[in-house]
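Let me begin by presenting the structure, written as structure tokens, before commenting on it.
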Amino acid sequence: MRRLRSLIVAGLLGLAGTNGALAAESVVPPHQEWAHGGVNSFLSMFKTFDYAAAQRGFQVYKEVCSACHSMDLVAYRNLTGIGFTEEQVKAIAAQYEIQDGPNDQGEMFTRPGLPADHFKKPFPNKQAAAAANGGKAPPDLSLMVKAREHFEDYVYAILTGYEEAPADHPIPDGTHYNKYFPGHAIAMPAPLFEDGVTYADGTKATIAQQAHDVVTFLAWAAEPHLVDRRSTGVKVILFLVVFAGIMYAAKRRVWADVH
Ligand code: HEC
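Structure, rendered in structure tokens:
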């Protein structure tokens, strides 16, 4: 037993050793409250998205993040999932010029966006995206919240984690010091500013508020069926519990006289 335990400890230390360089450089993001519980949380089964926050978050994505980040997996019509009406979705899509074609002459043309179009990308390809951003292409945000350890909390921490680089931690030119980015030198300049957007519902657009809203939107984009799916799970489990009870009662009745 002792030996087994020391073997396990040695194994864990070995693992920690290989990651040591990175681990020393990354800071655990503080936990934030999410109305939906979090994409990776069991609790989300009892909760629902804050749709007003997700709509504000879409505004932040649209006015700020979409200058650099694509969200290839999301179509405008999906936005009805956070409470936009079909009319609103049509109007949102129509604000974009989408390339289509070829037409009968074999030429590409542009037309106003339609609900079925996927979110327009800011750059035609990865190379162009990297060239415009100091060599680092901004990653697609469709699944970002699920793609990083600590999920929503990490993305929120990145958006709010910009600081002056400490004197003992110089960072390369063209990068920015971020407390929560592994290695701290991130190619993304701080994207959010106080009152950088104007919310229609009168919510004050602090940096923290915009970060919380856009992360709620990104969580919905990464797991649009989180709420439905988990609540179906709960219903199935409740059904099975009740059904087991009925079967047990039936079995007792059927076998009651056999003794
Ligand atoms: C001026 C362009 C620009 C804007 C605007 C911008 N980003 Fe970025 N973003 C980048 C670049 C470039 C990277 C890659 C950074 C790197 O790998 O060093 C990045 C990386 C990220 C990452 C990944 C960090 C990681 O762990 O790899 C997230 C999350 C992110 N951005 C979210 C956002 C959100 C949300 C917004 C809007 C509020 C936003 N970004 C606005 C350029 C931008």
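Read left to right, the sequence shown gives residues 1156 to 1414 (the working numbering). Here a beta-carbon is modelled for each residue, glycine too, at the ideal position from N, C-alpha and C. Here the structure is a predicted model, which means the values were calculated and not measured.
Q: Give me the Cα-Cα distance between Ala1405 and Val1391, rounded to the nearest whole angstrom.
A: Take the alpha-carbon of Ala1405 and the one of Val1391: they are about 21 Å apart.
(Q) Does Asp1255 come out as helix, strand or coil in the three-state DSSP assignment? (A) In the three-state reduction of the DSSP assignment, Asp1255 falls in the strand class.
Q) With respect to the beta strand (DSSP E) encompassing Arg1408, which residues constitute its N-terminal and C-terminal limits? A) Where Arg1408 is concerned, there is no enclosing beta strand (DSSP E), although the alpha helix (DSSP H) it sits in stretches over Leu1381 to Trp1410.
Q) So, helix, strand or coil for Asn1333, using DSSP? A) It is a strand residue.
Q: Please list, in chain order, all residues of the same chain as Cys1223 whose beta carbon is under 7 Å from its beta carbon, the five residues on each side excluded.
A: Non-local beta-carbon contacts of Cys1223 in its own chain, meaning distances under 7 Å to residues more than five positions away in sequence, involve Pro1277, Asn1288 and Pro1293 in chain order.
Q) Is it the case that the Cβ atoms of Glu1304 and Gln1187 are separated by a distance below 8 Å? A) Between Glu1304 and Gln1187, the gap from beta carbon to beta carbon reaches 8 Å or more.
Q. Between the C-alpha atoms of Ala1171 and Val1183, what's the straight-line distance to the nearest angstrom?
A. Its pLDDT being 46, under 50, Ala1171 is placed unreliably by the model, and the measurement read from it follows with that caveat. Rounded to the nearest angstrom, the two C-alpha atoms are 15 Å apart.
**Q.** Minimum C-alpha distance to Ala1342 - residue among Phe1348, Tyr1332, Lys1202 and Glu1349
**A.** Closest by alpha carbon: Tyr1332.
Q.
Tell me which residues share the same chain as Ile1237 and place their Cβ nearer than 8 Å to its Cβ, disregarding the 5 neighbours each side in the sequence.
A. For Ile1237, same chain residues with a beta-carbon under 8 Å away, outside a window of 5 residues either side, are Phe1204, Tyr1206, Ala1209, Gln1210, Phe1213, Phe1372 and Trp1375 in chain order.
Q: Specify whether the segment 1235–1255 and the segment 1382–1398 touch according to this definition: at least 3 beta carbon pairs, one from each stretch, less than 8 Å apart.
A: In short, these stretches do not touch, since the Cβ pair count stays below three.
Q | Rounded separation between Ile1253 and Thr1361 - CA only | A | Between Ile1253 and Thr1361, the C-alpha separation is close to 32 Å.
Q) Is Ala1248 helix, strand or coil by DSSP? A) DSSP, reduced to helix, strand and coil, places Ala1248 within a helical segment of the structure shown.
(Q) Out of His1273, Phe1274 and Gly1256, which one is the CA nearest neighbour of Arg1266? (A) Cα-wise, what sits closest to Arg1266 is Gly1256.
Q: Locate the alpha helix (DSSP H) running through Thr1265, then write down its first and last residues.
A: Element bounds for Thr1265: not the alpha helix (DSSP H) but the beta strand (DSSP E), Phe1264 to Pro1267.
(Q) Measuring only the C-alpha atoms, how far is Gly1400 from Ala1190? (A) Approximately 34 Å between the Cα atoms of the pair.
Q.
Measuring straight from C-alpha to C-alpha, what distance separates Val1370 and Asp1323?
A. Distance between the alpha carbons of Val1370 and Asp1323 is about 32 Å.
Q. Where in the segment 1282–1335 do unbroken runs of the alpha helix (DSSP H), each at least 4 residues long, occur, reported from the N-terminal end onward?
A. Complete alpha helix (DSSP H) runs here, min 4: 1299–1302 and 1306–1315.
Q) Do Ser1221 and Leu1381 have their C-beta atoms closer together than 8 Å? A) Against a cut-off of 8 Å, the Cβ pair of Leu1381 and Ser1221 comes out as no contact.
Q. By DSSP, does Gly1207 sit in helix, in strand, or in coil?
A. Contrary to the premise, residue 1207 reads as Ala rather than Gly in this sequence. Looking at Ala1207 - three-state DSSP - the assignment turns out to be helix.
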